Amino acid sequence: MSENAAGTGLQIGRMDGRLIALESRMDRHEIFVGTKLATIESKLDDVLMAQAAGTGGTRATRWIIGLAVSTAAWFAGHLTQPPPGH
């Protein structure tokens, strides 16, 4: 019986070692995934901020161009009309 008990103890020791190694790999994997997700989130934040800034700049530029075209059309309309009474 002692040989069987020794073999069982050896197997339990191996399983315990494998379990510890597996837990270690899982911890490293969790750290790796956490780091990658943080990097992706940071890049996504940068892209969203750049897009928001670009959208604001584009809207302002369109507004200014629209104002300039409207003003030019108003002046052109007043310059091409004959004076009242002629």
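For the sequence shown, the working numbering gives the first residue as 1, with consecutive numbering after it.
Backbone N, C-alpha and C fix where the C-beta goes; we use that ideal spot for every residue, glycine too.
Keep in mind that this is a model prediction, so the values were computed, not measured.
Measuring straight from C-alpha to C-alpha, what distance separates residue i and residue j?
i     : j     : result
ARG14 : VAL47 : 49 Å
ASN4  : ILE12 : 12 Å
GLU41 : GLY77 : 53 Å
GLY57 : HIS29 : 42 Å
TRP74 : ALA52 : 33 Å
Go through its chain and collect everything with a Cβ distance to residue i's Cβ below 6 Å, but skip five positions before and after it.
i    : result
ALA6 : none
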